[in-house]
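Undergrad: Got a structure for you, questions after.
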Amino acid sequence: MAYIAPKDFSQDPELLATVMRVMGGDLDLSWMKDHPHPVRAQASQPTRGLTLDDINQDPAYGPESIPEIVRHNFSMAPRGAVLPDGLPSLGYRVNRKSDVWADHGPSLFEESKSRRWAPARTIPWKELDSADYSREEDLAIRQIATSLISASLVAADVPSRWVWLMNQEFHEIKYLLCAHMFDAARLAEAFRKRALYGHGSLGRDSRELGDFLKMVIDSETFPLASAATNLTLFSILQGLGRHLEFVSRNAADTRLATYFVQDATRSIAYGVDHIRSLLTKRPNEVVALNEHLDLIENGLVGLLGSRELIEPLIVLSGGLDAVASFYRRTVEEYFERCASAGLGDRTDHSPLPDFLKLIEGQR
Amino acid sequence: MGIPFPSLEFFKALQQRTKDEAAAFEKLGYCDTTFGIRVGSELYRVVFEIYECVEVGEGGDPSELDFVLSAPLDLWREMLEAIQANGGADAAHTINTLTHVGDVMKVEYEDPEGHDRLYRFMATIQAFLDEASGLDLEFA
Amino acid sequence: MSYYGSTEYLANDDFVLRMKDIRKGNLDLGWLDAGTEQIEVNAASEKRGLTYLDLNKGSYGYDELPEIPRGPRGSAPRGAAYEVANQADLGPELNLKSDVWAYKVASFYEEAVSRQWDATTDVPWQDLARYETPEEVEIAFAQLCTFFTEVEMIATDLPAKWCWRMNNQFHEVKGFIASQAIDEARHAEVFRKRALAGGVGLMRALPQAEHSLKAILDSDTYSEASAFMHLLAEGNILTMFRFSEFISPTPVDKRMFQLVMQDEARHVSYGMQHLKWILDNTPERKEQLHAALDEAENFSLNQFDSALFEAMIVLAGKGTSPAQIKKGIEIVGTLQIKQIEEYFQRLRRAGFEDRIERSKFRDLLAMISLSNQEPTLPS
Chain A
21 MAYIAPKDFS
31 QDPELLATVM
41 RVMGGDLDLS
51 WMKDHPHPVR
61 AQASQPTRGL
71 TLDDINQDPA
81 YGPESIPEIV
91 RHNFSMAPRG
101 AVLPDGLPSL
111 GYRVNRKSDV
121 WADHGPSLFE
131 ESKSRRWAPA
141 RTIPWKELDS
151 ADYSREEDLA
161 IRQIATSLIS
171 ASLVAADVPS
181 RWVWLMNQEF
191 HEIKYLLCAH
201 MFDAARLAEA
211 FRKRALYGHG
221 SLGRDSRELG
231 DFLKMVIDSE
241 TFPLASAATN
251 LTLFSILQGL
261 GRHLEFVSRN
271 AADTRLATYF
281 VQDATRSIAY
291 GVDHIRSLLT
301 KRPNEVVALN
311 EHLDLIENGL
321 VGLLGSRELI
331 EPLIVLSGGL
341 DAVASFYRRT
351 VEEYFERCAS
361 AGLGDRTDHS
371 PLPDFLKLIE
381 GQR
Chain B
380 MGIPFPSLEF
390 FKALQQRTKD
400 EAAAFEKLGY
410 CDTTFGIRVG
420 SELYRVVFEI
430 YECVEVGEGG
440 DPSELDFVLS
450 APLDLWREML
460 EAIQANGGAD
470 AAHTINTLTH
480 VGDVMKVEYE
490 DPEGHDRLYR
500 FMATIQAFLD
510 EASGLDLEFA
Chain C
646 MSYYGSTEYL
656 ANDDFVLRMK
666 DIRKGNLDLG
676 WLDAGTEQIE
686 VNAASEKRGL
696 TYLDLNKGSY
706 GYDELPEIPR
716 GPRGSAPRGA
726 AYEVANQADL
736 GPELNLKSDV
746 WAYKVASFYE
756 EAVSRQWDAT
766 TDVPWQDLAR
776 YETPEEVEIA
786 FAQLCTFFTE
796 VEMIATDLPA
806 KWCWRMNNQF
816 HEVKGFIASQ
826 AIDEARHAEV
836 FRKRALAGGV
846 GLMRALPQAE
856 HSLKAILDSD
866 TYSEASAFMH
876 LLAEGNILTM
886 FRFSEFISPT
896 PVDKRMFQLV
906 MQDEARHVSY
916 GMQHLKWILD
926 NTPERKEQLH
936 AALDEAENFS
946 LNQFDSALFE
956 AMIVLAGKGT
966 SPAQIKKGIE
976 IVGTLQIKQI
986 EEYFQRLRRA
996 GFEDRIERSK
1006 FRDLLAMISL
1016 SNQEPTLPS
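Chains A, B and C are the protein sequences, given in the same order.
Residue 65 in my numbering sits at position 45 of the first sequence; the count goes up by one each step and never skips.
Residue 435 in my numbering sits at position 56 of the second sequence; the count goes up by one each step and never skips.
Residue 733 in my numbering sits at position 88 of the third sequence; the count goes up by one each step and never skips.
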């Protein structure tokens, strides 16, 4: 144990006295007066239920009560509770609101719970029994699924790496990141099942994918990690999901890809709002973010050109042109999101446009 | 007499189906988006709130919509006939497939976040259109 | 510092040539012959669907996963082909199966995915206004909900702290831990909502409880943290949830506790099965766990915070009159005995009976002199 109690409480006369007093019926009850912000939150739309936005209406509890730099609470006491003396520090290292905040965070968390699914049953796996894929196509899907298991596991690891370091004042964002962890674990599950269902097998690990994922997870700060994960990684995953749905010829793959796209897009939505919110508050951060993405996108170039990704995509799509077209669209949509988040036009300093020209035969 | 397509009546019939099939739509989760469906030059507005379609309308300003699914009548007809033949879109006629490589159906949008709502709520939007399988349609 | 990869791709001749070659239609297709095992997988039960248990076959299964999976340190999933020297090392810290594994963990994960619920819609919040609760009872309930909001987030932070350090070979555990993170976030959410919907709002945070939470988060190893959190702390909270359902002032609150209870029970079961796995497979770690639980129990003793226990007494007695307080004390005393008894039962089931002799809770039983009371809570 790293944290040791200051005394042996089993031999503590003070604790014993408290137990004997309370259990003897001598109640103090002074705590009953400790409710300085009475509130009766109600659902603004009963069909939607009681949302985080509903309970955030009272300024004593809502996110507007969070200062840009949290200096008053490093414990697990919930935002708006009475903070008595003696609360310990839990050692949080992310204590700046603009490092994590996104106004859409609470509603994205609500959406993630509401749009839940379970791969075991939501996907009609038996439909794969009659899927008319050739051997090469079948193995191509299983190879892509193998890569998507890896990507999903790391996509679960990134929020896991940061959420426990975040101050409890940002609880809505912590909730959302826990949802991202779970969503990603569920995608890893779904793609493992897809790869192994029927006469199944996993494919080959990709060095380029591993390198790209390591770049993403090793991002030095949470804003850098958020941009690399939610904007870059999930934009490519969303594009892949769309393409898998496009090439699908059965209900199981169609549904799996549809849920994949939905989950991936929630991460993107948080990423766009988070980075926009950060840059509104601290515009100078744009330089560090863009420099980071310049380098992360080099990793993405490696992934997009890796044999374990581009070749099965070519097999499934009937040629390189369809893949190049899907890559171009995905990259353009990614750049649009970056611009929308306040990162400006990334096309000039990103390696991605040159890569697109390369596979389009223009370079 | 069947329900004409395209028409406001058609979208009102789909709207009603989201109420009749409330349990199925609730299972898919929240869906909050206002999007457009353009058939040739005719624009229809579809508003989803929470689980169900709460409003449909004709015309409007596309810039106020999250996104617009746009295609000529023939393509919509082909898609709806596939939905009717299969009890829901077959793999070649899902909204995602039609709007992906080749863009036989266009996705128009001004705001990338609005655009992403198509992907966030794809299953609900597909289920909404799949409800046409139970309608008696007459194409213009 | 950030990691920016081993290759600048567009400046790398091999990469550019590869792309040009692919452009010409020359594919390598080596991945078609990955050399991995082919297995036959179907859902054992169509009703249950395709589960991780159905995938437990051959080199992909968890039964064949050795205690020391030598080699994999990157993102490759278990059973995929990979080259030890060619993988990007993600630096996992938990690399032994017994570091994280639990009997039945794949089932726990599937159950967690299947039994997700939504605090926003699955609790009938609109009915809350239909019930009149005495003010002092509502205040006590708000204090209890403040406490639960405060402590539940430890069970998101702790899994998060360790999940990314686990080797990808243990994806069932990573999945379960991720499910726990969202479960507990939802618990914190539901208790916060209840406190803010009842008219009282949040009340006093409890420093004594928080020192316990800090000790959990700061545990030296994942297994020590699991024994403290899953088995001891969540076991206590599970008993408190049962108690709280029992004394809930409204049916809305009963519903809330029924939902959180099922998640908490799953987490406690994982903790028990992880402990059992350790003791069965690496018994040499026993003394380390003893020492950790010595201190964990010490911290737990200090959780006797008067504000919390008084709130529970007011709730159990349904008021503050002397007769109500007397009744409340009887019920809360029974709860405490139950917490300890159930903890001891779990230790026994995990094969850790000798812990009971050493437990500091035996002193607590003596201290409150209630060990001869007949439990009156429903099981």
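Beta carbons are placed, not taken as given, at the ideal position from N, Cα and C, and that holds for glycine.
#1: Is K931 of chain C close to chain A? Criterion is C-beta to C-beta, closer than 7 Å.
#2: Tell me the rounded alpha-carbon separation between H92 of chain A and V114 of chain A.
#3: Taking a contact to mean a Cβ-Cβ separation below 7 Å, would you say Y727 of chain C touches D225 of chain A in this structure?
#4: Count the CB pairs spanning the stretch 203-218 of chain A and the stretch 842-856 of chain C that are closer than 8 Å, and state whether there are at least three.
#5: Please decide whether N1017 of chain C counts as near chain A, where near means a Cβ-Cβ distance under 7 Å.
#6: Output the boundary residues of the beta strand (DSSP E) element that contains S449 of chain B.
#7: Excluding the five sequence neighbours on either side, which residues of its own chain have a C-beta within less than 6 Å of the C-beta of W121 of chain A, listed in chain order?
#8: Using 10 angstroms around the beta-carbon of T274 of chain A, count the other beta-carbons present and answer buried if the total reaches 16, otherwise exposed.
#9: Between the C-alpha atoms of Y279 of chain A and G364 of chain A, what's the straight-line distance to the nearest angstrom?
#10: Quick one: Cα of L276 of chain A to Cα of V174 of chain A, how far?
#11: Mind listing the chain C neighbours of F375 of chain A? Cutoff is C-beta to C-beta under 7 Å, in chain order.
#12: Near L376 of chain A, what residues of its chain come up, given a Cβ to Cβ distance below 8 Å and the 5 sequence neighbours on each side ignored?
#13: Look at the alpha carbon of T791 of chain C and the alpha carbon of G44 of chain A, and state the distance between them as a whole number of angstroms.
#14: What residues match up with S690 of chain C in a beta bridge as DSSP calls it?
#15: Hey, out of A:P79, A:G325 and A:G106, whose CA is closest to R99 of chain A's CA?
#16: To which residues of the same chain is D73 of chain A closer than 6 Å at the C-beta, ignoring the five residues directly before and after it?
#17: Would a C-beta distance cut-off of 7 Å place G230 of chain A and Q771 of chain C closer than the cut-off?
#18: Keeping to the same chain, check which residues put their C-beta closer than 6 Å to that of A833 of chain C; ignore five residues upstream and five downstream.
#19: Hey, quick one: how far does the alpha helix (DSSP H) through L508 of chain B stretch, first residue to last?
#20: For the putative contact between T249 of chain A and V178 of chain A, defined by C-beta atoms under 8 Å, what is the C-beta separation to the nearest angstrom?
#21: Alpha carbon to alpha carbon, how far is E817 of chain C from Y754 of chain C?
#22: By how many angstroms is the C-alpha of K859 of chain C removed from the C-alpha of K1005 of chain C?
#23: For a test of the three-state rule: what should DSSP assign to I382 of chain B, helix, strand or coil?
#24: List the residues of chain B that V281 of chain A touches, going by C-beta distances under 8 Å, in chain order.
#25: According to DSSP, simplified to helix, strand and coil, what is H479 of chain B?
#26: Counting Cβ pairs closer than 8 Å, one from the stretch 803-810 of chain C and one from the stretch 867-878 of chain C, do we hit at least three?
#27: For a contact meaning CB atoms closer than 8 Å, what does Q732 of chain C contact in chain A?
#28: If you draw a straight line from the C-alpha of Q903 of chain C to the C-alpha of F888 of chain C, how long is it?
#29: Could you spell out where the beta strand (DSSP E) holding Y413 of chain B opens and where it closes?
#30: Taking the C-alpha atoms as reference points, what is the distance between P1020 of chain C and F944 of chain C?
#31: Please name the residue or residues paired with C432 of chain B in a DSSP beta bridge.
#32: Using the beta-carbon of each residue, which ones in chain B are nearer than 9 Å to V292 of chain A?
#33: In the DSSP assignment, the beta strand (DSSP E) including V486 of chain B goes from what residue to what residue?
#34: Any idea if I974 of chain C is buried or exposed, counting beta-carbon neighbours within 10 angstroms, 16 or more meaning buried?
#35: Would you identify the three-state DSSP class for Q1018 of chain C, choosing helix, strand or coil?
#36: Report yes or no: is there a C-beta of chain C within less than 7 Å of the C-beta of E130 of chain A?
TA: Judging by the given coordinates:
#1: no
#2: Separation of H92 of chain A and V114 of chain A (C-alpha to C-alpha, rounded to the nearest whole angstrom) is 14 Å.
#3: Going by C-beta atoms, Y727 of chain C is nearer than 7 Å to D225 of chain A.
#4: no
#5: Residue placement at N1017 of chain C is flagged as unreliable, the pLDDT there being 43, under the threshold of 50; the coordinate-derived value follows with that caveat. For N1017 of chain C, the nearest beta carbon of chain A is not closer than 7 Å to its own beta carbon.
#6: Counting along the chain, the beta strand (DSSP E) containing S449 of chain B begins and ends at V447 to A450.
#7: S297
#8: buried
#9: 30 Å
#10: About 19 Å.
#11: Within 7 Å Cβ-Cβ: L655.
#12: A344, Y347, R348 and V351
#13: 25 Å
#14: Note: S690 of chain C is bridge-paired with C:G694 in the DSSP secondary-structure output.
#15: Per the Cα distances, A:P79.
#16: These residues qualify, in order along the chain: P126.
#17: Taking 7 Å as the Cβ cut-off, G230 of chain A and Q771 of chain C do not qualify as a contacting pair.
#18: T794, E797 and M798
#19: Unbroken alpha helix (DSSP H) run through L508 of chain B: M501 to D509.
#20: Yes, T249 of chain A and V178 of chain A are in contact; Cβ-Cβ is about 5 Å, under 8 Å.
#21: 7 Å
#22: 20 Å
#23: strand
#24: N475, Y498 and M501
#25: Collapsing the DSSP output to three states places H479 of chain B in coil.
#26: Three or more pairs of CB atoms, one per stretch, sit closer than 8 Å, so the stretch 803-810 of chain C contacts the stretch 867-878 of chain C.
#27: D225, R227 and G230
#28: 11 Å
#29: According to the sequence shown, residue 413 of chain B is Thr rather than Tyr. That run of the beta strand (DSSP E) goes T412 to V418.
#30: With a pLDDT of 37 at P1020 of chain C, under the threshold of 50, the modelled position of that residue is not reliable, and the figure given next carries that caveat. In a straight line, the C-alpha of P1020 of chain C is about 25 Å away from that of F944 of chain C.
#31: B:F427
#32: P491, E492 and D495
#33: K485 to E487
#34: buried
#35: Confidence is the limiting factor: at Q1018 of chain C the pLDDT is only 48, short of 50, which leaves the residue's position unreliable, though a coordinate-based value still follows. Note: Q1018 of chain C maps to coil in three-state DSSP.
#36: yes
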